[in-house]
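Each protein sequence line maps, in turn, to chains A and B. Mapping the first sequence onto UniProt numbering, position 68 (from 1) lands on 68, and the numbers just tick up by one. Mapping the second sequence onto UniProt numbering, position 97 (from 1) lands on 97, and the numbers just tick up by one. Glycine is no exception: its CB is placed at the ideal position from the N, C-alpha and C atoms.
Number of protein chains: 2
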Amino acid sequence: MPSNGLDPIDRKILAELQADGRMTNVELAKRVGISAPPCLRRVRTLEEQGFIKGYHADVDARSLGFEVQVFVMVGLHSQAKDDLTAFEDQCRSWPLVRECHMLNGEVDFLLKCTAPDLSSFQTFLTDELLTTANVESVKTSLVIQEAKDVPGVPFDVLEARLQKTA
Amino acid sequence: MPSNGLDPIDRKILAELQADGRMTNVELAKRVGISAPPCLRRVRTLEEQGFIKGYHADVDARSLGFEVQVFVMVGLHSQAKDDLTAFEDQCRSWPLVRECHMLNGEVDFLLKCTAPDLSSFQTFLTDELLTTANVESVKTSLVIQEAKDVPGVPFDVLEARLQKTA
DNA sequence: GGTGAAACTTGGGACAG
DNA sequence: CTGTCCCAAGTTTCACC
């Protein structure tokens, strides 16, 4: 019962590319212990099968002028399927909303918003989110400090798990 | 009052690399409208100055076997500086905790956790988080659906802002 | 999975505006 | 200081074993 048809080399490739997405293929091949052509074939396969969804530069929001990050908890009036979908579509259209998670419990959605400053977030809040149909309650929490923000998944947790089942 | 000593070409470079971090330098140069050598020089400068913090492959958590994502709201007993720092350090040492944000309001920290399944999250919760000194209250919210999860910052918001101040 | 070879990319140097 | 042109070293990516 392996991960998902992935062998240890595939997982190593994913872990390496998650840590450094601009690594050259020869460097990657050296690290995972095979030669470059089969390594590239594996990477292409992983991309095609959707294990790798893309590659992104990690841009420093603060120094670029995005000073505020806010979590917004949203409760909806109606939780009918179409109404949930309508709200999700709305979220996708708002550039300030970077993440929209549907949660269990009392709150329906958790949004993570990134904005240049408080006033532009306030504008979004009052002019966009609060005027949206079906929105019942909105509770915002400002991020005071970013203590940890690691992209991707914890491969060490996965490897530890696979050890146990092996 | 531009962004941060960045000209429109720099911002275009950042936006392009955020969208596709594996783009070759010649392709990037073509897109931003300059030739390759100065484009590479700009990229290196942006990296050195910390505007680009790194490059990461965006790995699909679900297909890799990370089925659950949980937001955890943590309240601490003492909010003294050293106690806050101690908790942040603790979060950095837990691989399951991918993000740790210090918030304003009634809750002190919001954690985003990624785990293979509910039981391994439960183990983390009971054996790690709940046994941590100074942790007063813990409230967990399971992510039912990921409606939106876009990496990086909204460059279009930034450009719109710069237009206004220009 | 490995090898070799062609096409391309990177990244430096020399130079012009 | 930023852009252009050119060139060697390294990288990607093919066909083939």
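Environment of residue i [buried if 16+ CB atoms lie within 10 Å]
i, result
"A/ASP10", "buried"
"A/THR114", "buried"
"B/GLN18", "buried"
"B/VAL26", "exposed"
"B/HIS56", "buried"
"B/HIS77", "exposed"
"B/LYS12", "buried"
"A/GLY21", "buried"
"A/MET1", "Since pLDDT at A/MET1 reaches only 43, below the 50 mark, its modelled position is unreliable, and the value read off the structure follows with that caveat. Classification for A/MET1: exposed."
"B/SER141", "buried"
"A/GLN69", "buried"
"B/GLU99", "buried"
"B/LYS139", "exposed"
"A/ALA61", "buried"
"A/PRO38", "exposed"
"B/PRO154", "buried"
"A/GLY152", "buried"
"B/ASP108", "buried"
"B/LYS112", "buried"
"A/LEU6", "buried"
Interface partners of residue i on chain B, CB under 7 Å
i, result
"A/CYS100", "ALA147, LYS148"
"A/HIS77", "Within 7 Å Cβ-Cβ: nothing; A/HIS77 doesn't reach chain B, min ~18 Å."
"A/VAL97", "LYS148"
"A/ARG42", "The premise fails here: A/ARG42 is roughly 13 Å from chain B at the closest Cβ pair, so nothing lies under 7 Å."
Boundaries of the alpha helix (DSSP H) in which residue i is found, first to last residue
i, result
"B/THR85", "81-93"
"B/GLN18", "8-19"
"A/THR165", "155-165"
"B/ASN25", "25-32"
"A/PHE121", "118-123"
"B/THR45", "36-48"
Range covered by the beta strand (DSSP E) that runs through residue i
i, result
"B/ALA115", "109-115"
"B/ARG98", "97-103"
"B/LEU142", "135-149"
"B/ASP58", "52-59"
"A/GLN69", "68-76"
Chain A contact for residue i (CB, 7 Å cutoff)
i, result
"B/ASN104", "yes"
"B/GLU67", "no"
"B/ASP60", "yes"
9 Å Cβ cut-off: residues of chain B touching residue i
i, result
"A/CYS91", "ALA147, LYS148"
"A/LEU64", "SER3, ASN4, LEU6, ARG11, LEU14, PHE51, VAL153, PHE155, LEU158"
"A/GLN143", "Contrary to the premise, residue 143 of chain A reads as Val rather than Gln in this sequence. Within chain B, the residues near A/VAL143 are HIS101, MET102, LEU103, ASN104, LEU110."
Under 7 Å from the C-beta of residue i: neighbouring residues of chain A
i, result
"B/VAL135", "Result: empty, since nearest Cβ-Cβ is about 15 Å, beyond 7 Å."
"B/THR114", "VAL153, PRO154"
"B/ALA36", "None at all; the shortest Cβ gap to chain A is about 16 Å."
Residue-chain proximity (residue i, chain B), Cβ-Cβ < 7 Å
i, result
"A/GLN18", "yes"
"A/ALA86", "no"
"A/ALA80", "no"
"A/ALA57", "yes"
"A/ARG31", "no"
"A/ARG161", "yes"
Interface partners of residue i on chain B, CB under 8 Å
i, result
"A/PHE71", "HIS101, LEU103, LEU110"
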